[in-house]
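Numbering (the working numbering), first residue to last: -16 to 121. C-beta: ideal position from N, C-alpha, C; glycine also. Working notes, beginning with the structure itself.
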């Protein structure tokens, strides 16, 4: 007799296209502030693809039958932490893995430069001698 209680395994590529995933992701991004793996603050202004970028991770991996859009199975992480955890459970990652993750985040933060441009004053030329018009007094 076949196992009729087989745990479904979801394809990550398909899950991320589903409207419920986008809704759940938005909730987690607004709900959480701290990476559940390293315990550090997640700056949500960091651009996607960078080590410190915010990502939403499945606490119990999809590859092991974790639910794709249950808010109880989703948490905020840094991209670096999420990539390090990959498809392991927290038990599989272990304390040593979490410590390595924390060291990686500390190094990434030390190397990261966040450019916060003030576009209102970026092209302000007032005070530059080269661009000042000559006055009649000169």
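inquiry  = Let's test the definition: count the other Cβ atoms within 10 Å of the Cβ of residue 54 and tell me whether it reaches 16, buried, or not, exposed.
reply    = Exposed, since its Cβ has fewer than 16 Cβ neighbours within 10 Å.
task = In angstroms with no decimal places, state the Cα-to-Cα distance between residue 50 and residue 59.
result = C-alpha separation (whole angstroms): 16 Å.
ask   = Excluding sequence positions up to five away, which residues of its chain have a Cβ less than 7 Å from the Cβ of residue 43?
value = Taken in chain order, the residues that qualify are 49, 56 and 72.
key: Cβ shell of residue -16 (< 6 Å), same chain only, five flanking positions each side left out   = With a pLDDT of only 46 at residue -16, under 50, the local geometry of the prediction cannot be trusted, and the value read off the model is given with reservation. Beyond the five residues adjoining it in sequence on each side, residue -16 comes within less than 6 Å, by CB distance, of no other residue in the same chain.
inquiry  = Within a Cβ cutoff of 7 Å, which residues of the same chain sit near residue 4, ignoring the five residues on either side of it in sequence?
reply    = Only -2, 51 and 52 meet the Cβ criterion.
inquiry  = Classify residue 41: buried if its beta carbon has 16 or more other beta carbons within 10 angstroms, exposed otherwise.
reply    = So residue 41 counts as buried.
key: Host alpha helix (DSSP H) of residue 10 (start-end)   = It spans 2 to 14 - the alpha helix (DSSP H) in which residue 10 sits, taken as one unbroken run.
request  = Could you tell me the boundaries of the beta strand (DSSP E) in which residue 38 lies?
outcome  = Run containing residue 38: 37 to 41, per the beta strand (DSSP E) assignment.
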